[in-house]
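This report refers to the structure that appears directly beneath it.
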Amino acid sequence: MFKQGDIVIQIEDSFIIHPLAQKILEKYKADGYKICMTDFQFTPRYFALLEFIDFIKIDVKLVSNVTSIDNILKLSKAFHKKCIVTGIDSKELYDKAKAVPFDYFEGSYIAEAMTTKAGKMEYLQSNFFQLVVAVTKDMPEMDEIEAIISRDASLTYALLKMVNSAYFALRHRTSSIKQALVILGLSQLKQWVYLLSFEQNETSRNSEEVLKKSFLRANFCSELYPHIEGMPITQADAYLLGMFSTLDVLVDAPIEEVMAEIPVADEVRAAIVSQEGICGTLYQLVLSYEKADWKSIVVYANELGMETDILAQIYFDCVEKVNEIWENFANSDLQTKIEEEIPHQNLSNVK
């Protein structure tokens with residue numbers, strides 16, 4: 001799923017006081033994992049583990065404590081550790097943290113600032129977005145979906161490449177959009193339609209990561225849904241809750257404005273815009289899990305009546321699923337000629 005060198009294990013005070021902490025870290029370090037320590041304290045038990053640590057994470061709220069921050073930075077430099085300032089969720093916090101020589105910055109503002117954004121109207125009027133809206137209706141119409149895809153060469157190519165891939169193991173290749181939709185089915189189309197955006201435009205690495213995050217959130221919300229009682233939305237709505245959660249980043253517009261354009265359940269809209277209600281709690285749980293904010297995870301899981309011990313397996317199953325789909329369909333080369341994939345077919349005549 002991931003290479004060990006790409007995984008950073010974050011440890012907190014509750015782990016550091018464990019009697020076997022040093023042996024556990026020694027093992028993971030030897031296996032090639034990177035280790036990040038949060039809330040560093042100048043105490044013997046923290047110093048005893050420094051040799052295994054790669055990163056020291058500091059909450060941006062502590063930046064105003066100049067003496068403490070300065071001491072941590074000096075220590076990290078002396079021991080060749082990297083410092084990460086976290087919680088950068090606004091420009092004001094970013095400007096505040098930028099004045100300090102941290103190595104890395106982490107937070108929602110940073111993710112948004114790194115993203116290549118599309119104009120709101122351009123995005124909302126695109127064939128891809130119209131396809132998203134079409135497949136997420138309560139009663140999706142295949143004729144409408146077929147019409148949207150058939151007028152966009154990139155969408156057509158992406159769909160046909162998808163259903164003709166080894167993933168579906170068809171006996172005979174198809175060049176029919178209608179047949180491809182039947183093979184794919186609405187359920188899988190809803191899951192993979194977001195990936196089709198890569199077939200339309202040259203997408204930067206940063207935008208790709210945001211889209212991948214939204215796809216992972218969508219799957220995570222959907223898989224958590226059956227474990228929550230009293231949800232006022234459907235499982236398909238839970239999927240959309242995760243999928244649309246990054247739209248403001250992608251279109252460079254306020255989330256309230258973007259969500260007003262999308263035909264989704266009111267509960268989904270309220271959850272994304274202001275984290276209201278039980279759907280908002282689900283959304284907060286997913287965001288907290290992304291950040292490895294274990295205290296908040298426990299709080300939100302309890303509010304939803306969920307056992308926290310099921311979260312890890314569900315999350316990793318979703319990661320594996322997303323990675324598998326991504327590898328199969330997200331990296332196809334648009335420069336490859338359609339004729340090479342679908343011999344003797346004129347794209348304009350494909351129906």
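If you read the sequence shown in the UniProt record's numbering, its first letter stands for residue 1, the second for the next number, and so on. From the three backbone atoms N, C-alpha and C, an ideal C-beta is built for every residue, glycine too.
- Taking each of 101, 161, 173, 186 in turn and checking the Cα distance to residue 143, the smallest one comes out for 186.
- Exposed is the label assigned to residue 104, since fewer than 16 other Cβ atoms lie within 10 Å of its Cβ.
- For residue 95, the uninterrupted alpha helix (DSSP H) segment begins and ends at 91 to 98.
- In the DSSP assignment, residue 220 forms no beta bridge with any residue.
- DSSP, reduced to helix, strand and coil, places residue 104 within a strand of the structure shown.
- Rounded to the nearest angstrom, the gap between the Cα atoms of residue 80 and residue 36 is 13 Å.
- Taking the Cβ atoms as the reference, residue 60 lies roughly 6 Å from residue 88, within the contact range of under 8 Å.
- Membership of residue 281 in the alpha helix (DSSP H) is indicated by the continuous run 277 to 291.
- Taking 8 Å as the upper bound for CB-CB distance, residue 85 and residue 106 are in contact here, some 7 Å apart.
- Taking a 10 Å sphere around the C-beta of residue 223, we find 16 or more other C-beta atoms and assign the residue as buried.
- For residue 255, the enclosing alpha helix (DSSP H) covers residues 255 to 259.
- For residue 15, the enclosing alpha helix (DSSP H) has its first and last residue at 13 to 16.
- In the structure shown, residue 162 adopts helical secondary structure according to DSSP, grouped into three states.
- Bridge pairing for residue 228: absent [DSSP].
- By the neighbour-count definition (other C-beta atoms within 10 Å, threshold 16), residue 237 is a buried residue.
- Under the criterion of beta carbons closer than 8 Å, residue 267 and residue 279 qualify as touching, at roughly 5 Å.
- Of the residues assessed, residue 152 falls on the buried side of the cut-off, its CB having 16 or more other CB atoms within 10 angstroms.
- Taking the CA atoms as reference points, residue 303 sits about 40 Å from residue 183.
- Comparing alpha carbon positions, the residue from 146, 6, 155 closest to residue 178 is 146.
- According to DSSP, residue pairing for residue 318 in a beta bridge does not occur.
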